[in-house]
Each structure stands twice: as structure tokens, then as C-alpha cells.
Amino acid sequence: MRRPFIALTTAVAAALVLAGCAAGGGSASTSGDSTDATIAVGSLYEPQNLSNTQGGGQGITEAFNGNVYEGLFRLTDDGQVEPLLAEGSEVSDDGLTYTITLREGVTFHSGKALTSADVKNSVEAVTAEDSKSARKSSFGKIADIATPDDRTVVFTLADRSISFLYNLSYVWIVNTDAGDLTAKEDGTGPYTLDEWRQGSTLTLTRFDGYWGEAAENAEVVFTYFTDATAEANALRTGEIDIITSIQSPDALTQFEGDDAYTVSEGTSTTKELLAFNDRVAPFDDTQVRKAVYSAIDRKQLLSSIWGDYGTLIGSMVPPTDPWYEDLTDVNPYDPALAKQLLAEAGYADGFTFTLDTPSYDPHPAVAEFLQSQLAEVGITVEINTISADEWYTKVFQERDFTATLQEHVNDRDVVWYGNPDFYWGYDNPQVTQWVSEAEQAASTDEQTELLRKVNEQIAADAASAWLYLYPQIVVASSDLSGYPVNGLNSQFYVYDIVLS
Numbered sequence: 001m002r003r004p005f006i007a008l009t010t011a012v013a014a015a016l017v018l019a020g021c022a023a024g025g026g027s028a029s030t031s032g033d034s035t036d037a038t039i040a041v042g043s044l045y046e047p048q049n050l051s052n053t054q055g056g057g058q059g060i061t062e063a064f065n066g067n068v069y070e071g072l073f074r075l076t077d078d079g080q081v082e083p084l085l086a087e088g089s090e091v092s093d094d095g096l097t098y099t100i101t102l103r104e105g106v107t108f109h110s111g112k113a114l115t116s117a118d119v120k121n122s123v124e125a126v127t128a129e130d131s132k133s134a135r136k137s138s139f140g141k142i143a144d145i146a147t148p149d150d151r152t153v154v155f156t157l158a159d160r161s162i163s164f165l166y167n168l169s170y171v172w173i174v175n176t177d178a179g180d181l182t183a184k185e186d187g188t189g190p191y192t193l194d195e196w197r198q199g200s201t202l203t204l205t206r207f208d209g210y211w212g213e214a215a216e217n218a219e220v221v222f223t224y225f226t227d228a229t230a231e232a233n234a235l236r237t238g239e240i241d242i243i244t245s246i247q248s249p250d251a252l253t254q255f256e257g258d259d260a261y262t263v264s265e266g267t268s269t270t271k272e273l274l275a276f277n278d279r280v281a282p283f284d285d286t287q288v289r290k291a292v293y294s295a296i297d298r299k300q301l302l303s304s305i306w307g308d309y310g311t312l313i314g315s316m317v318p319p320t321d322p323w324y325e326d327l328t329d330v331n332p333y334d335p336a337l338a339k340q341l342l343a344e345a346g347y348a349d350g351f352t353f354t355l356d357t358p359s360y361d362p363h364p365a366v367a368e369f370l371q372s373q374l375a376e377v378g379i380t381v382e383i384n385t386i387s388a389d390e391w392y393t394k395v396f397q398e399r400d401f402t403a404t405l406q407e408h409v410n411d412r413d414v415v416w417y418g419n420p421d422f423y424w425g426y427d428n429p430q431v432t433q434w435v436s437e438a439e440q441a442a443s444t445d446e447q448t449e450l451l452r453k454v455n456e457q458i459a460a461d462a463a464s465a466w467l468y469l470y471p472q473i474v475v476a477s478s479d480l481s482g483y484p485v486n487g488l489n490s491q492f493y494v495y496d497i498v499l500s
């Protein structure tokens, strides 16, 4: 690992969940000196804007997290929480006060020194009324943020929060004085934003004033594609040097067995969901949700989309989470059972619903598969194809949907089923209570036991239909090294990538 950090205590680190980084890769151009290389990265996830509190989406996390912006802490592949902009932290005996000391000598890209006021305002931006951050509810226990001096931040909580430092790792520390950051940046990371050509590329340039170890390359260009085939063709022709995550096994076959490319499979936390709007008919009925789930041959679906790659799951928890259980048999593929459940729920003749489907791969193919499968039990699926931006507004913000497809990339996001206000509207008071108790748990064992109960209950209720866990497959030019291959939480650290 390129930047040596002092790990937090084992007890605190164990309380926090495994997380890590997605793949990054190589260079297509430049001189013989690899530190001057330009790295060309292919991605299907262009940002909606440049702010992770104003709906920037998965793409801005991929490009900016750890590269342009940094947090007080960061997460590693092996489950550790490491200080980043924090030099150290202390927790009171009652677990209600966190005192964090900032690292000295850190400046923003604008030249302004990092202070505790920037930390306070960055956290408050996540919790603000107009915040669009999915992490907003994670900080509901903060009662006060004090800044006794420029290097000290004191968080006072209303209740214990065993995941507090974990949650802080998701907060980007931004310059308080920078203003609107939806179209510009002012972070502390090893790269600055050079240019964003919307619909085309986003270019990062090495920041010479970085407080830590300099990036191994001079420039990184993210090139955005709207379909996986075009992206694969760009790698083949040398337009790009690496694909962050292959989205189709058909695209993969052309690289396997070719010494010019390296194919790597890592760990993923990305779940493909058929997310019901549990607030509205017919999906406000548990029987109907279970019927739909039982009508889907997930094994065939996974094979048709990913071939021999990917993993079946039966709930929101990936195998990398401490509270994982294999629940794939809770809602088995059984068309006869599906018809029986529909009849018991009053839908013996089936029903029709609209499936809002993101336009990018692999969602359209998944939607067509579901349409065919559900027709066999009398359910008509009308596919409504929408852009990622439209999905965010229509589904996530306005809750104007009956069912939708979406990939959820984060670890530990099973806790969102404890929030009735989340976009899918699942409301089980017992689950909400368990999630709350897990957050206030005195030990990781207690936390794990409670979240396993949550996992089991949402599976029993078919709160959503969890279709499969994405594989994480990185394809890069063979003259590249230093790119991580695990696809955890969307981030894509590029600072270690070198051209041999």
C-alpha cells in the first residue's frame, strides 16, 4: 500500500465494514519515463455533476474519491479504517464524543490551508436539508460539531454510533470558501481537475503541492461510453488503456488469452436489484413481492448476462460483509408457487406494471429477461427506459415509480432498509428498530447479530428482489501495473498506476 497510515485500534477497525477500491489502469502514450504517463481510463459512469452531495452519482465517486477529494479516514480491502486527513482520533468512554486531530501541512488545490472549519462545513453539507447524499441519514446522531482550534474537530453524538468513523470516511473534505462545487473542485487529493468535457472525457492532472506521496503518473483521462461494446472496442484500438469494470462477458472473450491484455477478477459489492416501490399497489403486498421473486430464474438470468461470472444472492448483504448469510433459497425459483401466491393476494389473472429501466448495460437485457419470465405467471411488464439522470430525479428523489432496476454499489447498505424514507419505501418497524440497535451496539458481535436479523427479515419480506452480485472484472493493457482490481464502493484509485 503506497501511503503508510497508522491503523486505528483493532476493536474500532473490527466494528467497521470491509471496503476498498475498484480497478484502475494504464497508459497509452507518453515518454519513456513512466512518471510522465497519461493514463486513459474507460468507464460507463459519467458524473451527473461534480458534487457527491448534489447528485453527482456513481461516476463522481469513481473519478474523484481519493483522487481529487479525501476524507478524514479511508477504508481498505482488509477491513481497516485508516487515518487520511486525520492524524488521530480519541473516543470518550461513553462513546458519545469523538475528538479528531487534523494532519499538519495539508492544503487545498487553491492553496488554502485545511482547517477544522472545513471539516465541520463538509459534514454539514452532507446533512443539510438540500443534500442529496445517500449518507445523509448516517449522521442523524450528530448533536454538535465544535472546532476549538484549526486542527481539532469535536463531534458530540446524541447516541452511540459504532459506525461513526466508517461513515466519516465517506465525507469528502472540501474548501469552505470554494462555493458551488457542482462544476468545479477544490480538494486535497493527489490530482486536480484539468477539464471536464461533458459527454466525453474528464481529465485529472497531478497536483504538485500534494501533502503526501506524489501520484505515479502525470495525468489521468476518464473517457465515457454509453455501451459496453463501444468501450471494449476502444480498449482494443488503444483509445483507452483500461476498463474499470467489464459489463458484458461477450466483451470479455476478445481479451482472454491475448498477451497484450491482463484480465483480473476481484471482489464486488455491487448488487443488481429489482427494487419495488413498497408504498404502492401491488408491491405494498408482501405476497405479491414474493410471487414476483419466485417467478424469476435468477441462475438462468445470471448465466445469460454474465456467463460463468457473478454470484447469486438472496438479500442485500454481499459475502464481504460480516453479517452475510446465504439466503438464496428463501425465495426459490418456483413458478407454481408464484401463481399460488398471486392468487392468494387477489391477482389470479396477473397484473401489469411499469419497470423503470436505466438505459445503460446490463439493465436493458435484465429488463427483457424479467419481462419474459414474469409473462409466464401472467404478469405483464412494460419497460420504460430512462437515463441515469432521469432515474435519479424520477425514482430516487420523487419516488414516482412502481418498480425499477438499479445497481447498488456500497457495502453495508442493508441498513437502508431500516429507513422508511428511502426510495423503495420498505417500512417494517422491527427492522428499523434492529438497525437502530445495531448502530448503538457496544460490540461488533452484537452489531453482527442484529444485522443478520435484518438480513433474514428483509429476505422473508422480499423487500426487494436481489437478482445477483456483479462480478468485478478489470481488463487492462499488459504494460500497466498498480491498479487495484476490487470493485468495492465504486471508488477507483488511479494514483499508483504506472506504465512499464
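According to the UniProt record's numbering, the sequence shown is numbered sequentially starting from 1.
Note that CB positions come from ideal geometry on N, CA and C, so glycine has one too.
Residue i: first and last residue of the uninterrupted alpha helix (DSSP H) it sits in
i: residue 518; result: Given a span of 1 to 500 for the chain in the structure shown, any question on residue 518 remains unanswerable.
i: Y166; result: F164 to L168
i: Y98; result: Element bounds for Y98: not the alpha helix (DSSP H) but the beta strand (DSSP E), T97 to L102.
i: L450; result: T444 to A460
i: E249; result: In the sequence as presented, Glu is not what sits at residue 249; that position holds Pro. From DSSP, the alpha helix (DSSP H) with P249 extends over P249 to L252.
i: V288; result: T286 to S294
i: G88; result: G88 -> not in any alpha helix (DSSP H); beta strand (DSSP E) instead, spanning A86 to V91.
i: A234; result: A228 to T237
i: T176; result: Segment: none, T176 is in no alpha helix (DSSP H) and carries neither H nor E.
i: F64; result: G57 to F64
Burial state of residue i (16 or more Cβ within 10 Å)
i: G55; result: buried
i: A429; result: Inspection of the sequence shows that residue 429 is occupied by Pro rather than by Ala. With fewer than 16 Cβ atoms within 10 Å of its Cβ, P429 is classed as exposed.
i: G26; result: For G26, the predicted model reports a pLDDT of 33, less than 50, meaning its position is unreliable; a value from the coordinates is still stated below. Flag for G26 reads buried.
i: D413; result: buried
i: S478; result: exposed
i: A281; result: exposed
i: Q48; result: buried
i: S89; result: buried
i: A348; result: exposed
i: P148; result: exposed
i: P362; result: buried
i: I296; result: buried
i: R452; result: buried
i: D411; result: buried
i: E195; result: exposed
i: R197; result: exposed
i: T269; result: buried
i: T352; result: exposed
Minimum Cβ-Cβ distance from residue i to chain B less than 9 Å
i: G257; result: Looking for chain B here will not work: only one protein chain is present.
Strand pairing of residue i, partner residues [DSSP]
i: G487; result: S268
i: I473; result: E265
i: N410; result: N410 pairs with nothing; no bridge assigned.
i: N384; result: D356
i: S481; result: V498
i: V280; result: Note: V280 sits in no beta bridge, so no partner.
i: A403; result: F276 and L355
i: F155; result: Y98 and I145
Assigned secondary structure, residue i (DSSP; H/G/I helix, E/B strand, else coil)
i: residue 502; result: Here the chain has residues from 1 to 500 only, and residue 502 is not among them.
i: F5; result: Note that F5 scores a pLDDT of 29, beneath 50, so its modelled location is shaky and nothing firm can be said.
i: G25; result: With a pLDDT of only 33 at G25, under the threshold of 50, the placement of this residue in the model should not be trusted; the figure read from the coordinates follows. In this structure, G25 counts as coil in the three-state DSSP scheme.
i: F222; result: strand
i: W466; result: strand
i: E439; result: helix
i: Y69; result: strand
i: R160; result: coil
i: R135; result: coil
i: F74; result: Sequence inspection shows Arg at residue 74; the Phe mentioned does not correspond to that position. In this structure, R74 counts as strand in the three-state DSSP scheme.
i: A125; result: helix
i: S245; result: coil
i: R206; result: strand
i: I39; result: strand
i: L302; result: helix
i: V171; result: coil
i: S110; result: coil
i: V431; result: helix
i: T320; result: coil
Boundaries (first-last residue) of the beta strand (DSSP E) holding residue i
i: L50; result: No beta strand (DSSP E) contains L50, which DSSP labels as neither H nor E.
i: F353; result: T352 to P358
i: P148; result: I142 to D149
i: L193; result: Y191 to R197
i: P335; result: Looking at the DSSP string, P335 is not in any beta strand (DSSP E); the run it does join, the alpha helix (DSSP H), is P335 to E344.
i: E82; result: V81 to P83
Any 3 or more C-beta pairs closer than 8 Å across the stretch 128–145 and the stretch 53–73:
yes
Give a yes or no on contact between the stretch 386–397 and the stretch 439–459, applying the rule of three or more CB pairs nearer than 8 Å.
no
Three-pair Cβ contact test at 8 Å for the stretch 256–264 versus the stretch 375–389
no
Please confirm if the stretch 163–179 is in contact with the stretch 65–80, defined as three or more CB-CB distances below 8 Å between the two stretches.
yes
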